[in-house]
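Numbering (the numbering used here), first residue to last: 1156 to 1309. Where is the CB? At the ideal position from N, CA and C, for every residue including glycine. Okay, structure first, notes after.
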Amino acid sequence: MPTFVYMTRCDGCGHCVDICPSDIMHIDKTYRRAYNIEPNMCWECYSCVKACPQNAIDARGYADFAPLGHSVRALREEAKGTISWRLKFRDGREKNFVSPIRTTPWGSLKGPGEYAAPRPEDFARQELAHEPDSLNIKGGLPALRPDQLKQGVV
Ligand code: SF4
Ligand code: SF4
């Protein structure tokens, strides 16, 4: 679901430009308002939606997620510690979802250079380097056991 900007709400602050990892949020030179220059290249990370202080950015919902014509609004409310999603359908129905903001303290993540170099045997494993420890999962990544497979293991 790529994003788009309501230019009438945008004040051109540039937060979305700074945060976009795909570098596709730009400020229109004439109107001094933000716009998504290439929706096809949108990561759909919604960093821009959550960072926008004017609540000026909406997501275009896919038909399987929000059919029948709709609007999708994401609202980050830091004071409440929530992100809420509001889907409004063409027939007037609304669906609202609220989830807590998950925050990671600035500077608390280890950089790649702070981990030990992978051992030779690590290259033969399916996990990425330092998994599952880097994901804070104890005892290995969750995986299906052979007895959970309907067809069995061939
Ligand atoms: Fe950029 Fe992410 Fe916003 Fe897409 S959703 S425009 S990738 S910040
Ligand atoms: Fe406009 Fe919001 Fe982007 Fe600021 S963060 S430039 S208000 S769309």
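Distance between residue j and residue i (C-alpha atoms, nearest Å)
| i | j | result |
| --- | --- | --- |
| Gln1281 | Ala1214 | 35 Å |
| Glu1269 | His1285 | 11 Å |
| Ser1239 | Gly1247 | 18 Å |
| Tyr1190 | Thr1163 | 12 Å |
| His1181 | Tyr1217 | 23 Å |
| Ala1211 | Trp1198 | 18 Å |
| Val1160 | Glu1233 | 21 Å |
| Pro1275 | Leu1283 | 13 Å |
| Asp1277 | Ile1292 | 17 Å |
| Pro1287 | Leu1296 | 6 Å |
| Pro1273 | Ala1279 | 11 Å |
| Lys1184 | Leu1304 | 57 Å |
| Cys1171 | Leu1264 | 23 Å |
| Gly1262 | Gln1306 | 46 Å |
| Arg1231 | Leu1290 | 25 Å |
| Ala1271 | Asp1166 | 46 Å |
| Thr1258 | Cys1200 | 15 Å |
| Ile1192 | Asp1173 | 14 Å |
| Gly1294 | Arg1300 | 15 Å |
| Ile1179 | Asp1302 | 47 Å |
According to DSSP, residues forming a beta bridge with residue i
| i | result |
| --- | --- |
| Pro1255 | Thr1237 |
| Arg1231 | Ile1238 |
| His1225 | Phe1244 |
| Lys1250 | Leu1242 |
Rounded Cβ spacing between residue i and residue j (contact assumed at less than 8 Å)
| i | j | result |
| --- | --- | --- |
| Pro1194 | Pro1157 | 4 Å |
| Met1196 | Ser1177 | 5 Å |
| Lys1205 | Ala1229 | 7 Å |
| Cys1175 | Ser1202 | 7 Å |
| Pro1267 | Gly1236 | Wrong, their Cβ atoms sit about 30 Å apart, outside the cutoff. |
Taking only runs that begin and end inside the stretch 1159-1216, name each unbroken beta strand (DSSP E) of 3 or more residues, in chain order. Counting only runs of 3 or more, we get 1180-1182, 1189-1191, 1212-1214.
Is the stretch 1188-1203 touching the stretch 1241-1256, taking contact as three or more C-beta pairs under 8 Å? no
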